[in-house]
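Read in order, the letters of the sequence shown correspond to residues 2 to 214 in this note's numbering. Just so you know, even glycine gets a beta-carbon here, dropped at the ideal spot from N, CA and C.
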Amino acid sequence: MTTDREQDRLLHERFDPVLLEPVPARLHLQRPAWIGYARAAAVLAAGVAIGLALPRPWPGTPEAPLAAAGAQALPARAARAHLVYAMEVRHPVEVDAAQQEHLVAWLSKRLGTKLKVPVLAEEGFELLGGRLLPGPDGPVAQFMYQEAAGRRLTLYVSAKSKDEGQTAFRYAQEGAVSVFYWIDGNWGYALSGEIDRPALSRISTSVYRQLNP
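Pasting the structure below:
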């Protein structure tokens, strides 16, 4: 009978040469200019996030990787959606702010709830518009804001998943994208942007207060 050690040796002899083979050029990752569209396809097809950070209570301890499970999947999806659409120049939104009444009515009907659009002018951000996105538990609304310097914020509104409980403000981060998120009743909210944490915290507080007057 072959011993475990002998089996291990045979496996190494058989497969180590394969592991040491160079990766074919055709399999190397490319980063073309349209990487945003590739990200969009990944988000819409999978609806999951990889490589995000585990959220910490707000205000909380230093960031750690996010797990895409329960309430923790909310900031993952929001950050991915922000990365995809905030970089768009010609088509950042589906319906622009000039048609805000139509935008709110349309998204409210699709999500099955009366949506409110926070006003962030005091924070230096104006509404650009919004769009409808797919989500794991139904349609999702994304509202986009922009400041004079060109930085953008997105507010992601999604129905609460079955495994998502109530949560106060929490903070998560993926690369340069910061996310403050919370679950309120049957809905989850996430504000994302490439701005510093204190500024995003202040704006998130304003958003929450406007949604819960």
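Mind checking P199: buried by the 16 CB within 10 Å criterion, or exposed?
Within the sequence shown, numbered from 1, the residue matching residue 199 stands at position 198. Counting Cβ neighbours within 10 Å, P199 comes out exposed, since fewer than 16 surround it.
Report the rounded CA-to-CA distance for L202 versus A122, giving the unit in angstroms.
Taking the first residue of the sequence shown as 1, we reach residue 202 at position 201. Taking the first residue of the sequence shown as 1, we reach residue 122 at position 121. A quick correction: the sequence has Ser, not Leu, at residue 202. Rounded to whole angstroms, S202 to A122 spans 16 Å at the Cα level.
So, helix, strand or coil for L134, using DSSP?
Translated into the one-based positions of the sequence shown, residue 134 becomes position 133. The answer is strand: DSSP assigns L134 an E or B state.
Taking C-beta to C-beta, are V178 and H83 nearer than 8 Å?
Looking up residue 178 in the sequence shown gives position 177. Looking up residue 83 in the sequence shown gives position 82. Cβ atoms of V178 and H83: closer than 8 Å.
Report all residues from its chain with a CB closer than 6 Å to the CB of E95; omit the five preceding and five following residues, and keep chain order.
Translated into positions along the sequence shown, residue 95 becomes position 94. Within the same chain, E95 has close Cβ partners R132.
Reducing DSSP to helix, strand and coil, say where V74 ends up.
Translated into the one-based positions of the sequence shown, residue 74 becomes position 73. Reading off the sequence, residue 74 comes out as Ala, not Val. Three-state result, A74: helix.
If you run the structure through DSSP and keep just helix, strand and coil, what is I204?
Locating residue 204 in the sequence shown gives position 203, counting from the first residue. Residue state, collapsed to three classes: helix.
Please state if the CB of Q211 and the CB of K117 are separated by a distance shorter than 8 Å.
Counting from one through the sequence shown, the residue named residue 117 turns up at place 116. Counting from one through the sequence shown, the residue named residue 211 turns up at place 210. A contact, by the Cβ cut-off of 8 Å.
Looking at L134 and Q143, is the spacing between their C-beta atoms short of 8 Å?
Here the question's residue 143 lines up with position 142 in the sequence shown. Here the question's residue 134 lines up with position 133 in the sequence shown. Yes, the Cβ-Cβ distance between Q143 and L134 is below 8 Å.
Would you say V158 and V141 are within 8 Å of each other, going by their C-beta atoms?
Against the sequence shown, residue 158 aligns to sequence position 157. Against the sequence shown, residue 141 aligns to sequence position 140. Yes, they are a contact pair.
Beta carbon of Y182, beta carbon of A99: below 8 Å?
On the sequence shown, position 181 is the one that residue 182 refers to. On the sequence shown, position 98 is the one that residue 99 refers to. Not a contact, by the Cβ cut-off of 8 Å.
When every heavy atom of the ligand MN is checked, does at least one fall within less than 7 Å of the C-beta of A149?
Ligands are entirely absent from the displayed structure, and the ligand MN is therefore not among its contents.
Report the residue from T206, D138 and G151 whose alpha carbon sits nearest the alpha carbon of E127.
Taking the first residue of the sequence shown as 1, we reach residue 127 at position 126. The option with the nearest alpha carbon to E127 is G151.
Quick check: W188 and A169, are their CB atoms within less than 8 Å of each other?
Within the sequence shown, residue 188 is the residue found at index 187, counting from 1. Within the sequence shown, residue 169 is the residue found at index 168, counting from 1. No, the pair does not count as a contact, with Cβ atoms beyond the cut-off.
Please state whether the Cβ-Cβ distance between T155 and S205 is less than 8 Å.
Your numbering for residue 155 matches position 154 in the sequence shown. Your numbering for residue 205 matches position 204 in the sequence shown. No; because the gap between Cβ atoms is not below 8 Å, this pair is not in contact.
Just the C-alpha distance for D185 and E124, rounded to the nearest angstrom, thanks.
Position 184 of the sequence shown, counted from the first residue, corresponds to residue 185. Position 123 of the sequence shown, counted from the first residue, corresponds to residue 124. Distance between the alpha carbons of D185 and E124: 23 Å.
Helix, strand or coil for E195, going by three-state DSSP, please let me know.
Counting from 1 along the sequence shown, the entry for residue 195 is found at position 194. Under the three-state reduction of DSSP, E195 is assigned to coil, being neither helix nor strand.
Mind checking M145: buried by the 16 CB within 10 Å criterion, or exposed?
What you label residue 145 is simply residue 144 of the sequence shown in a count that begins at 1. Buried, by the Cβ-count rule.
With DSSP as the reference, identify every bridge partner of V141, one or two as the case may be.
Residue numbering aside, residue 141 sits at position 140 when the sequence shown is read from its first letter. BP columns for V141 point to L134 and S159.
Using a beta-carbon distance below 8 Å, is Y157 in contact with chain D?
Here there is only one protein chain, and chain D is not present.
Identify every residue that forms a DSSP beta bridge with V180.
The residue labelled residue 180 in the question sits at position 179 within the sequence shown. Bridge partners of V180: A173 and S193.
Could you tell me the distance, in whole angstroms, from the CA atom of A74 to the CA atom of R171?
In the sequence shown, residue 74 corresponds to position 73, counting from 1. In the sequence shown, residue 171 corresponds to position 170, counting from 1. Approximately 12 Å between the Cα atoms of the pair.
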